[in-house]
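Just below is one structure, and these are the notes that go with it.
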């Protein structure tokens, strides 16, 4: 018998400009437990760039618990000196961000700026889908 709660698989997509200095990470779905493989792939993708500005699009997050907070803090630590913006978070996710102090290490924006990649710069998108069936049991974000 089901619990009546609809689950939304988490996805992470990383998009960067051709120069690699500006990037967008889109996180969507329920972020309660994260697939360690997909999180690692997204981190490695960002670590391979000299990212100076990162926009994290949270508009598609349907649930953001401690795993989301932990992941965003770890992301900030892995990109020292980069400007981090958290965009489009729902009311509840925004409250969690503020309660945990994430708003002290990142700028909160109502929406992702339409010109996030800067005008006239094409972007290449490489998606990492964490919504695929996991190979093993999902692990908390590290």
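Residue numbers (this note's numbering): 1 to 142. Just so it is clear, CB atoms sit at the ideal spot from N, CA and C, and this is done for glycine as well.
Which term fits residue i, buried or exposed, when burial requires 16 or more other beta carbons within 10 angstroms of its beta carbon?
i: residue 99; result: exposed
i: residue 88; result: buried
i: residue 17; result: buried
i: residue 77; result: exposed
Using the Cα positions of residue i and residue j, report the straight-line distance between them to the nearest angstrom.
i: residue 91; j: residue 68; result: 15 Å
i: residue 73; j: residue 113; result: 22 Å
i: residue 107; j: residue 85; result: 5 Å
i: residue 9; j: residue 32; result: 10 Å
i: residue 111; j: residue 93; result: 14 Å
i: residue 6; j: residue 61; result: 14 Å
i: residue 45; j: residue 75; result: 12 Å
i: residue 22; j: residue 115; result: 11 Å
i: residue 141; j: residue 43; result: The predicted model places residue 141 with a pLDDT of 47, which falls under 50 and marks its position as unreliable, so this point remains unresolved.
Name the DSSP bridge partner or partners of residue i?
i: residue 11; result: 28
i: residue 83; result: 53
i: residue 108; result: 86
Return the residue from the list the options that minimises the CA-CA distance to residue i.
i: residue 40; options: 117, 94, 14 and 112; result: 14
i: residue 50; options: 83, 60, 104 and 101; result: 83
i: residue 26; options: 57, 105, 61 and 45; result: 57
i: residue 65; options: 23, 24 and 28; result: 28
i: residue 52; options: 63, 80 and 30; result: 80
i: residue 109; options: 59, 71, 101 and 63; result: 59
i: residue 30; options: 12, 24 and 103; result: 12
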